[in-house]
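> In mature numbering (1 follows the signal peptide of the UniProt record, and there is no 0), the protein residues as written are -27 to -1, 1 to 188. Note that beta-carbon positions come from the ideal geometry of N, C-alpha and C, so glycine has one too. Okay, here's the structure, questions in a sec.
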Amino acid sequence: MLLKAITLTALTIAVVMLSLFSSDVEALPIELTTFIYRKTRPGYIANATKRLTFRLRYNEYDSKSSGVLENLQMFAELSQFYDLSYQAELVDSVKAVMINPSFTVFAPVNSPTGSLTLNGAMKDVMSYHIVGNYTIYDLSRMEKDQVYTIKAKSGHSYVFKQGVDTLVNCAKIVAQPIVATDGVIYPIASPLRPGDGDRILDAIRNKKKIDCRNF
């Protein structure tokens, strides 16, 4: 495997400062935690307590020594997202640029119905779950009452805290991040919908509280 340890510098992403009970909205940059890739890991995500299980013949060593794509295949709860990645031909496109890449992936856990429901063109929606360009985010350092914008492969998504939960477009991060050799996977409760990002941005622009019950 040609993947090498990557030392990440402090990542700067755009942040929208949003007081949920104030009319003031201000755009500022924020630096996320610097960590030496494969030597440390992103911090603990509060209330992300779901335990993921390895599929037969895989173990923790396999996970730590494998890439993002391999990790999606290893965990039973992420199998539906992995299968859809193949159907959307994302696996081949990601492999094509695998020369010391790094990614942040928001991977929905399996649906109890047996298949994940996507809204929109499959490839575009699946790409919306992937943040590339040597970009790895540590979401444990986010502050309350701030909304962070992250540019995915097909549009922007928004990450923020609501109560004790950390949400991506109102989809809760349900398990601790999986650190692979080429990126980080955040398991989320449901698939992301690009249109939800637009609605969140509209709420911010109109200085309204983000109400996830409407999503």
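Using 8 Å as the cut-off, classify the Cβ of E33 as near or not near the heavy atoms of the ligand ADP, replying yes or no.
Only the bare structure without any ligand can be found here, which leaves the ligand ADP out of the picture.
> Quick check: the Cα distance between D138 and V132, rounded to an integer number of angstroms?
Going by the C-alpha atoms only, they are around 11 Å apart.
> Does A(-1) pass the burial test, meaning 16 or more other C-beta atoms within 10 Å, or should it be called exposed?
In this prediction, A(-1) scores a pLDDT of 38, lower than 50, which makes its location untrustworthy; no coordinate-derived value is stated.
> Give the C-beta separation of L42 and A80 to the nearest angstrom, bearing in mind that I take them to be a contact with Cβ-Cβ under 8 Å.
Between A80 and L42 the Cβ distance is about 11 Å, and since that is not below 8 Å, they are no contact.
> If F54 sits next to L89, beta carbons under 8 Å apart, how far is it from one beta carbon to the other, in whole angstroms?
F54 to L89, Cβ: 6 Å. Contact.
> Going by the CB atoms, is the gap between A162 and K134 shorter than 9 Å?
Cβ atoms of K134 and A162: not closer than 9 Å.
> Please confirm whether V147 and K23 have their CB atoms less than 9 Å apart.
A contact, by the Cβ cut-off of 9 Å.
> Mind checking S84: buried by the 16 CB within 10 Å criterion, or exposed?
Exposed.
> Tell me whether the beta-carbon of V157 lies closer than 9 Å to the beta-carbon of P150.
Closer than 9 Å, so yes.
> Going residue by residue through the region 85 to 118, where are the continuous alpha helix (DSSP H) segments of at least 4 residues, counting only ones entirely within it?
Fully enclosed alpha helix (DSSP H) runs of 4 or longer: 95 to 100.
> When DSSP labels each residue in this structure, what does residue 200 get in the three-state scheme?
The question about residue 200 has no answer, for the chain in this structure spans -27 to 188.
> DSSP three-state label for Q46, please.
Correct three-state label for Q46: helix.
> Just checking my contact of S130 with V141 at CB under 8 Å: how many whole Å lie between their CB atoms?
That pair is a contact at about 6 Å.
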